[in-house]
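The sequence shown stops at residue 285 when you use the working numbering, and every number in between is there. Written out below as structure tokens is the structure these notes cover.
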Amino acid sequence: MKKEIIHFKEKWDFLYLGYRKKQKRKEDMVGFKYIKRIYKPYCAHCYFVHQRAYDLILSKKKEYLEKEVPIDVGYAELSLNEIATFGILPRLVLQKPGWSTLQKRIVDYTCLLRDKKPQPSTSIIEKGLNV
155 MKKEIIHFKE KWDFLYLGYR KKQKRKEDMV GFKYIKRIYK PYCAHCYFVH QRAYDLILSK
215 KKEYLEKEVP IDVGYAELSL NEIATFGILP RLVLQKPGWS TLQKRIVDYT CLLRDKKPQP
275 STSIIEKGLN V
């Protein structure tokens, strides 16, 4: 992975260490063994931003706040056309199971460790864990 990161360093604007992908494209698989191009990633809990993307992100901040757009949704939209977004596979970081202020329910994305799709009814409570 170290060699990939060295050769990859100038290609990305966003690099996610943990994420949930909403869309699949053939281009997703173009790239390196551990680093993939991704589109519409959600769960913005661990990522790097390249300095060349700062101005764009800051210029969108006011718009996101005025329209009450969740930050991960805003970033996901930018990933379609405006910024080069990549993710590391396997994911290195997961969002901790718990209450989602965006979804207004308990969410658990640990299934992403196995690259599985989260089930709508999956929650910590249903798994019998104490909250």
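Each residue gets a CB set at the ideal place from its N, CA and C atoms; glycine is no exception.
**Item:** Boundaries (first-last residue) of the beta strand (DSSP E) holding I225
**Value:** Where I225 is concerned, there is no enclosing beta strand (DSSP E), although the alpha helix (DSSP H) it sits in stretches over I225 to N235.
**CA-to-CA distance, G228 to S213, given in whole angstroms** = 12 Å
**Asked** Taking the continuous beta strand (DSSP E) assigned at Q171, which residues delimit it?
**Response** One point to set straight first is that residue 171 is Leu, not Gln, in the sequence displayed. Taken as a continuous stretch (DSSP letters only), the beta strand (DSSP E) holding L171 covers F168 to K175.
**Asked** Is F287 buried or exposed, if buried means 16 or more other CB atoms sit within 10 Å of its CB?
**Response** Outside the shown range of the chain (155 to 285) lies residue 287, about which nothing can therefore be said.
**Request:** Put R206 into one of helix, strand or coil per three-state DSSP.
**Result:** helix
**Residue closest to I225, alpha-carbon to alpha-carbon, out of C200, R206 and F240** = C200
**Asked** When DSSP labels each residue in this structure, what does T255 get in the three-state scheme?
**Response** coil
**Message:** Mapping the DSSP letters down to three states, classify K165 as helix, strand or coil.
**Reply:** coil
**Prompt:** Taking C-alpha atoms, which residue in I189, K250 and E222 lies nearest to Y170?
**Reply:** I189
**Message:** Counting C-beta neighbours from all protein chains within 10 Å, is the total for D209 16 or more, i.e. buried, or is it exposed?
**Reply:** exposed
**Prompt:** With burial defined as no fewer than 16 other Cβ atoms inside 10 Å of the residue's Cβ, what is the status of P244: buried or exposed?
**Reply:** exposed
**Request:** Out of C197, V247 and Q205, state which residue places its alpha-carbon closest to the alpha-carbon of L256.
**Result:** C197
**Buried or exposed (CB count within 10 angstroms, at least 16 for buried), P258** = A quick correction: the sequence has Lys, not Pro, at residue 258. Its Cβ having fewer than 16 others within 10 Å, K258 is exposed.
**Asked** Can you find a CB in chain C that lies within less than 8 Å of the CB of L256?
**Response** Of the protein chains in this structure there is only one, and it is not chain C.
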